[in-house]
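Going by the working numbering, the sequence shown opens with residue 613, and the numbers climb by one from there. Glycine included, each C-beta is placed from N, C-alpha and C at the ideal position.
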Amino acid sequence: MGELATEKHVRYILSVEKRKDDFQSVVMEHLRMNGAYWGLTALDILGKLNTVDVDEVVSWVMSCQHESGGFAGNVGHDPHILYTLSAVQVLALFDKLDVLDVDKDLKSGLTISTARHDRGLYFLSDEASSRFSYIAILCLSLLHQLDKINVEKAVNFIVSCKNMDGGFGCTPGGESHSGQIFCCVGALALTGSLHHIDKDLLGWWLCERQVKSGGLNGRPEKLPDVCYSWWVLSSLIMIDRVHWINKEKLIKFILDCQDTENGGISDRPDDAVDVYHTYFGIAGLSLLEYPSLKAIDPAYALPVDVVNRIRLGKRHAI
Ligand code: BD6
Ligand code: ZN
Numbered sequence: 613m614g615e616l617a618t619e620k621h622v623r624y625i626l627s628v629e630k631r632k633d634d635f636q637s638v639v640m641e642h643l644r645m646n647g648a649y650w651g652l653t654a655l656d657i658l659g660k661l662n663t664v665d666v667d668e669v670v671s672w673v674m675s676c677q678h679e680s681g682g683f684a685g686n687v688g689h690d691p692h693i694l695y696t697l698s699a700v701q702v703l704a705l706f707d708k709l710d711v712l713d714v715d716k717d718l719k720s721g722l723t724i725s726t727a728r729h730d731r732g733l734y735f736l737s738d739e740a741s742s743r744f745s746y747i748a749i750l751c752l753s754l755l756h757q758l759d760k761i762n763v764e765k766a767v768n769f770i771v772s773c774k775n776m777d778g779g780f781g782c783t784p785g786g787e788s789h790s791g792q793i794f795c796c797v798g799a800l801a802l803t804g805s806l807h808h809i810d811k812d813l814l815g816w817w818l819c820e821r822q823v824k825s826g827g828l829n830g831r832p833e834k835l836p837d838v839c840y841s842w843w844v845l846s847s848l849i850m851i852d853r854v855h856w857i858n859k860e861k862l863i864k865f866i867l868d869c870q871d872t873e874n875g876g877i878s879d880r881p882d883d884a885v886d887v888y889h890t891y892f893g894i895a896g897l898s899l900l901e902y903p904s905l906k907a908i909d910p911a912y913a914l915p916v917d918v919v920n921r922i923r924l925g926k927r928h929a930i
């Protein structure tokens, strides 16, 4: 089995940040904020966040903020909850959450629409889904503002997305899918509500996602994909059932998806690499306790030291 090509991945991630005019960057232009979060978090897990210019990143992030308080995927685009979370996560990575004027942002709408919605949380999006509920709950947790919403109602909405197979869907009655399960388990973990989960039933559904090659798929009968290493593993860790999968085989599958020449990780062996799968592959390896990687928190999707700093910050504020 090969090893993690750390130096090559660092070079690949830095080169994606700089490239502006090739095909992949054009396609990614409107979700550049997510790309920044994936690339920078991956660098941090690899211990290489010091290779980027903090002030440059922070001022670009802030130039994507709108009057409403929400963030866009890039300068000149519309704000959305998805990019707002990535922006807050990037600021958290650099310990720069204090550049946000949270009280002003809250008043101007960053979370007010969230607080009003009874079933779940809208929050700069026009549909209710367990995915947006998780994103809003995580964003508010990072800003120490979870008390601004009706957590009980949000939890009830998440629980209403639970299925007979132990999994969760996007909305009540929606098919179980590993990505949605991650969102629901994450939201329940962040709100101290994991008792709503049948851990053995869900753990069984999740560990059945491991296929012969060692990789994990997102739903029954689908091909394995490196990014599911994250969605499935993080959920298994949060419900304390990660020992139900074969860790060694999964590590081998992720390492087999590396481009050992030019850096980067793809969804499956021999496919083209992208920064999304590079991040989720490295984050998956961190959850698998691969040597020399920083530990990542499964619910916050941020390095454990960043999460601890934020938790400590709250204690100081009280
Ligand atoms: C996310 C979702 C919720 C909460 C936090 C999150 N962090 C990351 C995500 C995943 C989500 C995202 O960042 N939203 O802001 N996904 C994507 O951005 C990808 C981008 C993409 C498109 C095409 C190819 C590779 C990456 N995306 C929009 C997707 O639909 C990907 C596509 C894909 C990746 N591999 C195979 N297909 N799928 C995906 O993210 O599935 C996981 C998922 C699905 C539903 C809810 C949550 C997670
Ligand atoms: Zn994928």
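Cα-Cα separation between residue i and residue j, rounded to whole angstroms
i: residue 826; j: residue 710; result: 42 Å
i: residue 623; j: residue 777; result: 42 Å
i: residue 820; j: residue 702; result: 33 Å
i: residue 697; j: residue 614; result: 34 Å
i: residue 752; j: residue 745; result: 11 Å
i: residue 911; j: residue 842; result: 11 Å
i: residue 708; j: residue 877; result: 29 Å
i: residue 787; j: residue 890; result: 27 Å
i: residue 712; j: residue 671; result: 12 Å
i: residue 643; j: residue 848; result: 28 Å
i: residue 852; j: residue 808; result: 14 Å
i: residue 871; j: residue 830; result: 23 Å
i: residue 885; j: residue 654; result: 14 Å
i: residue 879; j: residue 785; result: 29 Å
i: residue 901; j: residue 860; result: 11 Å
i: residue 795; j: residue 769; result: 12 Å
i: residue 728; j: residue 772; result: Caution applies to residue 728, whose pLDDT of 39 falls short of 50 and renders its modelled position unreliable; the model cannot decide the point.
i: residue 668; j: residue 674; result: 10 Å
i: residue 760; j: residue 883; result: 44 Å
i: residue 689; j: residue 716; result: 21 Å
i: residue 801; j: residue 844; result: 15 Å
i: residue 873; j: residue 881; result: 14 Å
Residues bridged to residue i (per DSSP)
i: residue 870; result: 877
i: residue 915; result: 908
i: residue 691; result: 684
i: residue 794; result: Beta-bridge pairing links residue 794 to no other residue.
i: residue 780; result: 774
i: residue 757; result: Paired residue(s): none; residue 757 is not in a bridge.
i: residue 886; result: 877
i: residue 677; result: 683
i: residue 828; result: 822
Beta-carbon gap between residue i and residue j smaller than 9 Å
i: residue 658; j: residue 618; result: yes
i: residue 913; j: residue 750; result: yes
i: residue 641; j: residue 685; result: yes
i: residue 676; j: residue 649; result: no
i: residue 625; j: residue 875; result: yes
i: residue 763; j: residue 850; result: no
i: residue 748; j: residue 783; result: no
i: residue 862; j: residue 806; result: no
i: residue 742; j: residue 699; result: no
i: residue 705; j: residue 656; result: yes
i: residue 823; j: residue 757; result: no
i: residue 647; j: residue 888; result: yes
Buried versus exposed, by CB contacts within 10 Å (16 or more), residue i
i: residue 835; result: exposed
i: residue 766; result: buried
i: residue 663; result: exposed
i: residue 687; result: exposed
i: residue 692; result: buried
i: residue 774; result: buried
i: residue 621; result: buried
i: residue 909; result: buried
i: residue 838; result: buried
i: residue 803; result: buried
i: residue 666; result: exposed
i: residue 846; result: buried
i: residue 810; result: exposed
i: residue 915; result: buried
i: residue 733; result: Per-residue confidence for residue 733 stands at a pLDDT of 42, beneath the threshold of 50, marking its modelled position as unreliable; no derived number is given.
i: residue 661; result: buried
i: residue 779; result: buried
i: residue 893; result: buried
i: residue 925; result: exposed
i: residue 737; result: The predicted position of residue 737 is uncertain, since its pLDDT is 47 and thus under 50; a value taken from the coordinates is nonetheless stated next. Answer is buried; the Cβ neighbour count reaches 16.
Cutoff 9 Å: residue i Cβ touching any chain D Cβ
i: residue 673; result: Checking the listed chains, one finds no chain D in this structure; it contains a single protein chain.
heavy atom of the ligand FAD below 8 Å from residue i C-beta
i: residue 840; result: Judged by which ligands are present, the ligand FAD is missing from the structure shown, whose ligands are the ligand BD6 and the ligand ZN.
At least 3 beta-carbon pairs within less than 8 Å: the segment 853-860 vs the segment 808-818: The segment 853-860, when compared against the segment 808-818, does touch it at the 8 Å Cβ threshold.
Touch test, the segment 670-681 against the segment 914-926, Cβ-Cβ under 8 Å, three pairs minimum: no
Okay, do the segment 790-805 and the segment 899-906 touch, 3+ Cβ pairs below 8 Å being the bar? No, because fewer than three Cβ pairs between the segment 790-805 and the segment 899-906 fall closer than 8 Å, the two stretches do not touch.
Looking at C-beta atoms only, is the number of pairs between the segment 877-897 and the segment 859-869 that lie closer than 8 Å three or more? yes
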